[in-house]
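This report concerns only the one structure given below.
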Amino acid sequence: MGTTTMLVQCNCFDDVDVHANSVIGWQQTYDQLGAGHAHTTLKHLTAERFQIFRETFDKRIVQIGAAPAGRLCLAMPVCSSEPSVFQGKPLTGESVTVLHGGQEFFVQSPGGIDLLCVAVDIASLETFASREFSSADLCQLSRITRLDLEPAMIHRMRKHLERLIDNALVGEALSEAELEEQVLEFMLVLLDSALEWSVGRSANSTVSTYLVKQSQELALANQDEPPSVLDLCKHLNVSRSTLQRSFLSVTGLRPVEYLRALRLNIARRRLRSTETEQLTVARVASDLGFSHLGHFSGAYRTLFGETPSQTPRAR
Numbered sequence: 001m002g003t004t005t006m007l008v009q010c011n012c013f014d015d016v017d018v019h020a021n022s023v024i025g026w027q028q029t030y031d032q033l034g035a036g037h038a039h040t041t042l043k044h045l046t047a048e049r050f051q052i053f054r055e056t057f058d059k060r061i062v063q064i065g066a067a068p069a070g071r072l073c074l075a076m077p078v079c080s081s082e083p084s085v086f087q088g089k090p091l092t093g094e095s096v097t098v099l100h101g102g103q104e105f106f107v108q109s110p111g112g113i114d115l116l117c118v119a120v121d122i123a124s125l126e127t128f129a130s131r132e133f134s135s136a137d138l139c140q141l142s143r144i145t146r147l148d149l150e151p152a153m154i155h156r157m158r159k160h161l162e163r164l165i166d167n168a169l170v171g172e173a174l175s176e177a178e179l180e181e182q183v184l185e186f187m188l189v190l191l192d193s194a195l196e197w198s199v200g201r202s203a204n205s206t207v208s209t210y211l212v213k214q215s216q217e218l219a220l221a222n223q224d225e226p227p228s229v230l231d232l233c234k235h236l237n238v239s240r241s242t243l244q245r246s247f248l249s250v251t252g253l254r255p256v257e258y259l260r261a262l263r264l265n266i267a268r269r270r271l272r273s274t275e276t277e278q279l280t281v282a283r284v285a286s287d288l289g290f291s292h293l294g295h296f297s298g299a300y301r302t303l304f305g306e307t308p309s310q311t312p313r314a315r
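Under full-length UniProt numbering, the residues of the sequence shown are numbered 1 to 315, in order.
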């Protein structure tokens, strides 16, 4: 896609062609068919290996183009007065359309459209998908063009992507690496759910306990740069779903929740055992790998019922 730094923007247009040319990395043409002055909006978060964007139109349009090379792209409607037609099939709230790198697409919207799209580097996704899926399933995924999922799951995932964009627009974005991890996990969760891999995938208690223990040791050994869930999967050579099930069965929490709580408890102990002049809240957060002080404070308050500054310090 040709980008080397993360770009976050929200733009409004009165010309659908200008709008089409503003979606970074996409070769496409938008034609307006509905009469009247067009009003469109484009919100996008674009990085080197992933992209999330939401586009809205208040007129009937036709979109023709091709997905970026080397990307796997998912498209889902946020809301629409009438279902649009994507690749000849209705685009509804119960389905997600899949576009593979370089694949041509054709979208017709009978009225206004509000569409959310996410694209990831296929090589990065395949690295983790190879531990998640069998060769047969990977072959199936390489040809799939539509994911039919529970509406509740699509709604939940869509809201998550919307929050990532909106937080970035107000200057509260996670780091590019953290965002990429979340987008990759998003893709893996949807693909995993679409394939309905629910039979025969539960790890036994001994293996689950071992994986949790090893993950905890890795996290404690790298407190300043805590490993991501995908890092842990790579180091332990297990799939994301196996690791997640192990944590849920042993701790009752997802890996990211448990390991974050672990670091927050370390932070609390450090605050309680030091004087304010000796160690600041910002320094504690930074030492434990929390890159955003606001996110640290919010998570700390949620877990302990008080902000870090309200925690009693040593005297």
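Glycine included, C-beta positions come from ideal geometry on N, C-alpha and C. Here the structure is a predicted model, which is why all the values come from computation and not from measurement.
One alpha carbon belongs to Val256, the other to Val229, and they sit about 7 Å apart. DSSP places Phe53 outside any alpha helix (DSSP H); the residue lies instead in the beta strand (DSSP E), whose first and last residues are 50 to 57.
Rounded to whole angstroms, Leu164 and Cys139 show a C-alpha spacing of 30 Å.
With 16 or more other Cβ atoms from the protein chains shown falling within 10 Å of its own Cβ, His44 counts as buried. Under the rule that a run must span 3 or more residues, the beta strand (DSSP E) segments found entirely inside the region 10 to 36 read 27 to 32. Rounded to whole angstroms, the separation of the alpha carbons of Ala129 and Glu180 is 15 Å. For Gln87, same chain residues with a beta-carbon under 7 Å away, outside a window of 5 residues either side, are Thr97, Phe105, Phe106, Thr145 in chain order. Following the DSSP letters along the chain, one finds Leu125 inside the alpha helix (DSSP H) bounded by residues 122 to 132.
By the beta-carbon neighbour count (other beta carbons within 10 angstroms, threshold 16), Arg71 is buried. For Gly65, the enclosing beta strand (DSSP E) covers residues 61 to 66.
CA-CA distance, Met157 to Gly34, rounds to 31 Å. Sequence-distant Cβ neighbours of Glu185 in its own chain, meaning closer than 8 Å and more than five residues away, are Val229, Leu230, Arg240. Shown here, Arg146 sits in a strand according to DSSP, grouped into three states. In this structure, DSSP gives Ala38 a state outside helix and strand, which the three-state scheme calls coil. DSSP places Thr242 inside the alpha helix (DSSP H), whose first and last residues are 240 to 251.
In the DSSP annotation of this structure, Leu99 is not part of any alpha helix (DSSP H); the continuous beta strand (DSSP E) holding it starts and ends at 95 to 100. Straight across, the Cα-Cα distance linking Thr41 with Glu55 is about 6 Å. In this structure, DSSP gives His292 a state outside helix and strand, which the three-state scheme calls coil.
Assigned with DSSP and collapsed to three states, Arg71 falls in strand. Here Thr92 carries a coil assignment [DSSP, helix/strand/coil].
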